[in-house]
Amino acid sequence: MILELRDIYKEYQQGKMVVPVLNHVDFTMEEGEYVAIMGPSGSGKTTLMNIIGCLDKATSGEFYMDGQDVNKCSENEMSDLRLHKLGFVFQSFHLLPRQSALENVEMPLNYAGVPKKLRKERAFKALERVGLADRVTFKPNQLSGGQMQRVAIARAIVNDPKILLADEPTGALDSKSSSQVMDLFQRLNDEGVTILMITHDPEIAEYAGRTVLIRDGELTEKGGSGHGEGA
Ligand code: ADP
Ligand code: MG
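Taking this note's numbering, the leading residue of the sequence shown gets 195, the next gets one more, and so forth.
Right, here's the structure in full:
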């Protein structure tokens, strides 16, 4: 199991008020799966993604990633997990505006201390993988939204992460770019990349092998469709 969450509870402290956001969340994922988490705005999707992404900790419950007990991890160990086991894709791309596509993709390799020549080679290969070999010197403002998201996806996979985490990856894209990004996710998954994607769009969730629903902080497995059931 690549992800195992048991009875996860998360609350935020808002002044004197306690805001419960996730309740009794149980969720597991096997290596190679492609899972969508679907739910309306405010249901706790990003909160859950931040916990799985080792950016935040649950208030209580158990969380194992690739066999490692994340709750027992220090800040440094969590940032190592982010750097070596996870790739992140966001709705708004989060590219550095003054850096070229290649430099943006190199960024995680910088943090990982990979030497310059190897960095460039691997970043170029990642951009090739997302179909942007002819755009490596372009800055974000010289790229379309769909191309910017593909640069962000190249950056997310350049470290060969265990899991690709995507929070509303098509939320800022038109329908044509959205389906290109979904085709790319499909191809990466076929090549063995494990993907966990958040969306509020049922058409986007259709691309995943399995969908779970979140509503008011509670997770339920969606039955019926998909081919990842019962894994
Ligand atoms: P989604 O991504 O599904 O739209 P979020 O996980 O962002 O939902 O938020 C779920 C709930 O948690 C919302 O009611 C939101 O107001 C609340 N929330 C999110 N972050 C915080 C925070 N830092 N402090 C207090 N409440 C928060
Ligand atoms: Mg959100």
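We treat Cβ as the ideally placed atom computed from N, Cα and C, and that holds for glycine. Since this is a predicted model, take the numbers as computed values, not measurements.
Mind checking which residues open and close the alpha helix (DSSP H) that includes residue i?
{"i": "His278", "result": "269-279"}
{"i": "Lys333", "result": "Where Lys333 is concerned, there is no enclosing alpha helix (DSSP H), given that its DSSP letter is neither H nor E."}
{"i": "Ala360", "result": "Per DSSP, Ala360 belongs to no alpha helix (DSSP H); it is in the beta strand (DSSP E), 357-361."}
{"i": "Lys310", "result": "310-323"}
{"i": "Glu397", "result": "396-399"}
{"i": "Thr241", "result": "239-246"}
{"i": "Gly255", "result": "Taken as a continuous stretch (DSSP letters only), Gly255 belongs to no alpha helix (DSSP H), being part of the beta strand (DSSP E) at 254-259."}
{"i": "Leu290", "result": "Counting along the chain, Leu290 falls outside any alpha helix (DSSP H), and DSSP gives it neither H nor E."}
Between the alpha carbons of residue i and residue j, how many angstroms are there, rounded?
{"i": "Leu407", "j": "Gly386", "result": "24 angstroms"}
{"i": "Gly325", "j": "Val212", "result": "46 angstroms"}
{"i": "Val352", "j": "Arg316", "result": "7 angstroms"}
{"i": "Tyr203", "j": "Thr253", "result": "6 angstroms"}
{"i": "Val264", "j": "Tyr258", "result": "6 angstroms"}
{"i": "Arg381", "j": "Ile347", "result": "12 angstroms"}
{"i": "Lys251", "j": "Leu337", "result": "35 angstroms"}
{"i": "Ile245", "j": "Glu256", "result": "11 angstroms"}
{"i": "Lys416", "j": "Ser294", "result": "41 angstroms"}
{"i": "Asp410", "j": "Leu367", "result": "26 angstroms"}
{"i": "Val299", "j": "Ala350", "result": "8 angstroms"}
{"i": "Pro396", "j": "Ile231", "result": "10 angstroms"}
{"i": "Lys314", "j": "Tyr305", "result": "14 angstroms"}
{"i": "Glu205", "j": "Met223", "result": "23 angstroms"}
{"i": "Lys310", "j": "Asp328", "result": "21 angstroms"}
{"i": "Val375", "j": "Leu312", "result": "27 angstroms"}
{"i": "Lys266", "j": "Leu303", "result": "26 angstroms"}
{"i": "Asn217", "j": "Gly233", "result": "14 angstroms"}
Count the other C-beta atoms from every protein chain shown that fall within 10 angstroms of the C-beta of residue i, then say buried if there are 16 or more, exposed otherwise.
{"i": "Thr414", "result": "exposed"}
{"i": "Ser237", "result": "buried"}
{"i": "Thr331", "result": "exposed"}
{"i": "Gly307", "result": "exposed"}
{"i": "Gln208", "result": "exposed"}
{"i": "Glu322", "result": "exposed"}
{"i": "Met195", "result": "exposed"}
{"i": "Arg200", "result": "exposed"}
{"i": "Leu296", "result": "buried"}
{"i": "Lys239", "result": "buried"}
{"i": "Leu390", "result": "buried"}
{"i": "Leu280", "result": "buried"}
{"i": "Leu290", "result": "exposed"}
{"i": "Arg276", "result": "buried"}
{"i": "Pro355", "result": "buried"}
{"i": "Ser369", "result": "exposed"}
Is residue i near the ligand PLP, with its Cβ less than 8 angstroms from a heavy atom?
{"i": "Lys239", "result": "Absent from the structure shown: the ligand PLP. Ligands present: the ligand ADP and the ligand MG."}
Taking residue i as the reference, give the member of the options with the closest Cα.
{"i": "Tyr401", "options": "Met223, Glu198, Glu227, Tyr305", "result": "Glu227"}
{"i": "Leu242", "options": "Pro214, Glu225, Glu269", "result": "Pro214"}
{"i": "Asp361", "options": "Arg276, Val283, Pro234, Ile389", "result": "Val283"}
{"i": "Leu358", "options": "Lys311, Asn335, Asn383", "result": "Asn383"}
{"i": "Lys198", "options": "Asp354, Tyr206, Glu225, Leu277", "result": "The amino acid occupying residue 198 in the given sequence is Glu; Lys does not appear at that position. Ranking the options by Cα distance to Glu198, first place goes to Glu225."}
{"i": "Pro334", "options": "Ser235, Phe287, Gln374", "result": "Phe287"}
{"i": "Pro363", "options": "Lys356, Pro355, Asp377", "result": "Asp377"}
{"i": "Thr405", "options": "Leu216, Phe221, Tyr206", "result": "Phe221"}
{"i": "Gln285", "options": "Leu249, Gly247, Gly365", "result": "Gly365"}
{"i": "Gly247", "options": "His278, Ile398, Pro234, Glu412", "result": "His278"}
{"i": "Ser268", "options": "Phe318, Leu249, Leu303", "result": "Leu249"}
Would you mind reading off the limits of the beta strand (DSSP E) that contains residue i?
{"i": "Pro302", "result": "Run containing Pro302: none in the beta strand (DSSP E); it sits in the alpha helix (DSSP H), 295-305."}
{"i": "Val215", "result": "211-223"}
{"i": "Gln207", "result": "197-208"}
{"i": "Arg404", "result": "404-409"}
{"i": "Leu390", "result": "388-393"}
{"i": "Leu378", "result": "Segment 369-384 is the alpha helix (DSSP H) holding Leu378; no beta strand (DSSP E) there."}
Within 9 angstroms (strictly less), CB to CB, does residue i reach chain C?
{"i": "Gly365", "result": "The structure shown has no chain C; it contains just one protein chain."}
Q) When the Cβ atoms of the segment 337-346 are set against those of the segment 264-278, are three or more pairs found closer than 8 angstroms? A) Fewer than three beta-carbon pairs drawn from the segment 337-346 and the segment 264-278 are found closer than 8 angstroms, and the two stretches are therefore not classed as touching.
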